[in-house]
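Visitor: Residue numbers for the sequence shown follow the numbering used here, so the first one is 188 and each next one is one higher.
Where a beta carbon is used, it is the ideal one built from N, C-alpha and C, also for glycine.
Here the structure is a predicted model, which is why all the values come from computation and not from measurement.
Have a look at this one before I ask anything.
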Amino acid sequence: MKKLLALLAATTALAGAASAQGITEFRIGILGGENAQDRMTSHECFRLMVETELGVPVKLFTPADYDGVIQGLLGGTIDFGWLGASAYAKTYLTDPNAVDVVLTKQNTDGTTGYYSIGFARRDSGITSLADARGKVFAFADPNSTSGYLVPAAELSESLGKLDAYFSEVRMSGGHEQSIVGVNNGTFAAAVAWADGLGDWADGYNSGAFRKAADAGLIDMNNLVEIWRSRLIPEGPIVLRRALPQDVKDKVTKLVADLHETDKACAYNVAAGAALDFVPVTHEDYLGIIAARRLQEGM
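See below:
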């Protein structure tokens with residue numbers, strides 16, 4: 188926290204005329220991955236907190252897919268978002284000056300990473316990727332790190348062409364849709380994100396499984412883990428660069444202090460149990476940016 192405050196002090200000193208500018212509203216974009224109403228409900232506490240701090244109306248936006256938040260940040264209609272690393276990479280590659288990276292989630296064990304988890308229904312008989320061969324497999328969203336970029340690369344490396352290995356490869360639209368889709372039999376197997384800490388029966392400590400379990404959408408005992416990726420860098424919380432510096436400082440501090448000021452709200456925003464939100468830099472995502480650039484043939 189001392190490091191964060193020092194960084195804020197340094198950037199504020201350089202803000203100059205920008206800090207004198209005003210804003211009339213502040214807009215928070217929430218990535219897809221669960222239904223819109225649940226996203227609105229889980230972030231309402233944070234919306235109210237930001238509104239009180241800034242003294243202007245604060246609105247929540249829940250686009251249907253990841254690209255909605257990305258385009259909002261690029262176009263200036265969204266001011267704040269917690270992006271996955273791949274979504275940040277796309278934002279940066281489209282416009283390197285669109286957003287500032289400020290914080291990321293720190294897990295309960297002090298790490299700042301998570302996993303793409305392959306899973307299936309327990310009663311399907313699928314306990315490995317080999318068992319899922321010739322069946323329908325789902326990714327989440329083309330702009331998702333753990334729901335597409337990383338698992339597609341790692342699985343292609345080990346399994347070959349995925350549309351040949353599986354009978355069909357689909358995009359579910361989000362992590363929640365993948366989890367519900369496997370649970371109800373639409374997909375034989377899929378991937379979703381989790382910190383990999385705690386108990387599978389709870390949906391791990393944080394991530395898409397935890398959110399779905401907490402919402403009562405699934406019983407984790409009906410699902411089984413069949414694959415796990417390498418550790419993925421946790422995605423960054425970003426703010427639109429054109430915002431006044433004092434606005435960026437205030438919102439950054441609110442998030443950085445959230446686990447100390449309102450643990451229940453922090454649980455909602457962090458998608459489960461976490462230790463803190465800690466500083467992160469653009470350089471932490473150079474590997475993902477390179478992978479995204481390669482994927483898009485840039």
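1) Does the segment 466-479 touch the segment 310-324, meaning 3 or more C-beta pairs lie closer than 8 angstroms?
2) How should Ala376 be labelled, buried or exposed, when 16 other C-beta atoms within 10 angstroms of its C-beta is the threshold for buried?
3) Taking the alpha carbon of Leu260 as the point to measure from, which residue in Leu280, Asp471 and Gly242 has its own alpha carbon closest?
4) Rounded to a whole number of angstroms, what is the C-alpha to C-alpha distance between Met407 and Tyr302?
5) Can you check DSSP and say which residues form a bridge with Leu410?
6) Can you list, in chain order, the residues of its chain with a C-beta nearer than 6 angstroms to that of Ala453? Leave out the 5 residues immediately preceding and following it.
7) DSSP has Asp287 in a bridge; who is on the other side?
8) Could you pull the start and end residues of the beta strand (DSSP E) that Phe396 belongs to?
9) Does the CB of Phe267 have a neighbour CB from chain B at under 8 angstroms?
10) Suppose you measure from the CA of Arg226 to the CA of Asp328; what does that come to, to the nearest Å?
11) Just to confirm, is the Cβ distance from Leu270 to Pro420 under 8 angstroms?
12) Is Asp266 near Arg214, with beta carbons less than 8 angstroms apart?
13) Cβ of Ala379 within 8 angstroms of Cβ of Phe353?
14) Should Asp382 go down as buried or exposed, given a rule of 16 or more other Cβ atoms within 10 Å for buried?
15) Looking at C-alpha atoms only, which residue of Val442, Thr278 and Ala307 is the closest neighbour of Gly263?
16) For Arg226, does the three-state DSSP call read helix, strand or coil?
17) Leaving out the 5 sequence neighbours to the left and right, which residues in its chain are closer than 6 angstroms to Gly321 when beta-carbon positions are compared?
18) Which residues in the same chain have their Cβ closer than 7 angstroms to the Cβ of Asp471, if we skip the five residues on either side of it in sequence?
19) Please classify Arg417 as buried or exposed, where buried requires at least 16 other C-beta atoms within 10 Å of its C-beta.
20) Go through the segment 234-307 residue by residue and report every complete run of the beta strand (DSSP E) that reaches 3 residues or more, in order.
21) Skipping 5 residues on each side, what residues in its chain have a beta carbon closer than 7 angstroms to that of Ala276?
22) Closest to Gly297 by C-alpha separation, out of Cys232, Asp463 and Gln482, would be which residue?
23) Answer yes or no: do Ser331 and Tyr253 have a C-beta to C-beta separation smaller than 8 angstroms?
24) Counting along the chain, where does the beta strand (DSSP E) carrying Gly216 start and finish?
25) Give the DSSP-derived three-state secondary structure of Ile419 in the structure shown.
26) Leaving out the 5 sequence neighbours to the left and right, which residues in its chain are closer than 7 angstroms to Val323 when beta-carbon positions are compared?
27) I'd like the span of the beta strand (DSSP E) that includes Pro466, first residue to last.
28) What's the C-alpha gap between Ala173 and Leu290?
29) On the criterion of 16 or more Cβ atoms from any shown chain inside 10 Å, does Asn284 qualify as buried, or is it exposed?
30) How close, in whole Å, do the beta carbons of Asn455 and Cys232 come, if the pair is a contact with beta carbons under 8 angstroms?
31) Residue range of the beta strand (DSSP E) that Ala381 falls in?
Guide: Checking against the coordinates, here is how it stands:
1) no
2) For this step, residue 376 is matched to residue 189 along the sequence shown. Classification of Ala376: buried, given that the 10 Å Cβ count is 16 or more.
3) As a first step, residue 260 must be located in the sequence shown, where it is residue number 73. Nearest C-alpha to Leu260: Leu280.
4) Here residue 407 corresponds to residue number 220 of the sequence shown, with the count starting at 1. Here residue 302 corresponds to residue number 115 of the sequence shown, with the count starting at 1. Between Met407 and Tyr302, the C-alpha separation is close to 17 angstroms.
5) Mapped onto the sequence shown, residue 410 falls at position 223. DSSP lists Arg308 as partners of Leu410.
6) Reading the sequence shown from its first residue, position 266 is the one you call residue 453. Within the same chain, Ala453 has close Cβ partners Leu445 and His446.
7) In the sequence shown, counting from the first residue as 1, residue 287 sits at position 100. Bridge partners of Asp287: Leu426.
8) On the sequence shown, residue 396 is found 209 positions in, with the first residue counted as 1. It is not in any beta strand (DSSP E) - Phe396 instead sits in the alpha helix (DSSP H) that spans Ala395 to Asp401.
9) Included in the structure is just one protein chain, with no chain B present.
10) As a working mapping, residue 226 is identified with position 39 in the sequence shown. As a working mapping, residue 328 is identified with position 141 in the sequence shown. In a straight line, the C-alpha of Arg226 is about 17 angstroms away from that of Asp328.
11) Locating residue 270 in the sequence shown gives position 83, where the first residue counts as 1. Locating residue 420 in the sequence shown gives position 233, where the first residue counts as 1. No, these two residues do not count as a Cβ contact at 8 angstroms.
12) Taking the sequence shown and counting its residues from 1, the one referred to as residue 266 is at position 79. Taking the sequence shown and counting its residues from 1, the one referred to as residue 214 is at position 27. Between Asp266 and Arg214, the CB-CB gap stays under 8 angstroms.
13) As a working note, residue 379 is residue 192 in the sequence shown. As a working note, residue 353 is residue 166 in the sequence shown. No; because the gap between Cβ atoms is not below 8 angstroms, this pair is not in contact.
14) Here residue 382 is taken as the residue at index 195 of the sequence shown, counted from 1. Its Cβ being crowded by 16 or more others within 10 Å, Asp382 is buried.
15) By 1-based counting over the sequence shown, the position of residue 263 is 76. The candidate whose alpha carbon is nearest that of Gly263 is Thr278.
16) If you number the sequence shown from 1, residue 226 lands on position 39. Correct three-state label for Arg226: helix.
17) Taking the sequence shown and counting its residues from 1, one reaches residue 321 at position 134. Excluding sequence neighbours, Gly321 sits near Ser354.
18) Reading the sequence shown from its first residue, position 284 is the one you call residue 471. Pro420.
19) Translated into positions along the sequence shown, residue 417 becomes position 230. Result: exposed.
20) The segment 234-307 is shown to contain whole beta strand (DSSP E) runs of 3 or more residues at 245-248, 267-269 and 286-293, in chain order.
21) Locating residue 276 in the sequence shown gives position 89, where the first residue counts as 1. Excluding sequence neighbours, Ala276 sits near Tyr472, Ile475, Ile476 and Arg479.
22) Within the sequence shown, numbered from 1, the residue matching residue 297 stands at position 110. The residue among Cys232, Asp463 and Gln482 with its C-alpha nearest the C-alpha of Gly297 is Asp463.
23) The count along the sequence shown starts at 1 and reaches residue 331 at position 144. The count along the sequence shown starts at 1 and reaches residue 253 at position 66. Yes.
24) Along the sequence shown, one-based indexing puts residue 216 at 29. It spans Phe213 to Gly216 - the beta strand (DSSP E) in which Gly216 sits, taken as one unbroken run.
25) Along the sequence shown, one-based indexing puts residue 419 at 232. Three-state DSSP puts Ile419 in a strand.
26) For the purposes of this step, residue 323 is identified with residue 136 of the sequence shown, where counting begins at 1. Correct list, in chain order: Phe353, Ser354, Glu355, Arg357, Phe374 and Ala375.
27) Reading the sequence shown from its first residue, position 279 is the one you call residue 466. Residues Asp463 to Pro466.
28) Summary: the structure shown does not reach residue 173, with the chain confined to residues 188 through 485, and so no result is reported for it.
29) Here the question's residue 284 lines up with position 97 in the sequence shown. Asn284 is exposed by the Cβ-count criterion.
30) Position 268 of the sequence shown, counted from the start, is the residue given in the question as residue 455. Position 45 of the sequence shown, counted from the start, is the residue given in the question as residue 232. Correct: roughly 6 angstroms between the Cβ atoms.
31) Taking the first residue of the sequence shown as 1, we reach residue 381 at position 194. Counting along the chain, the beta strand (DSSP E) containing Ala381 begins and ends at Ala376 to Ala381.
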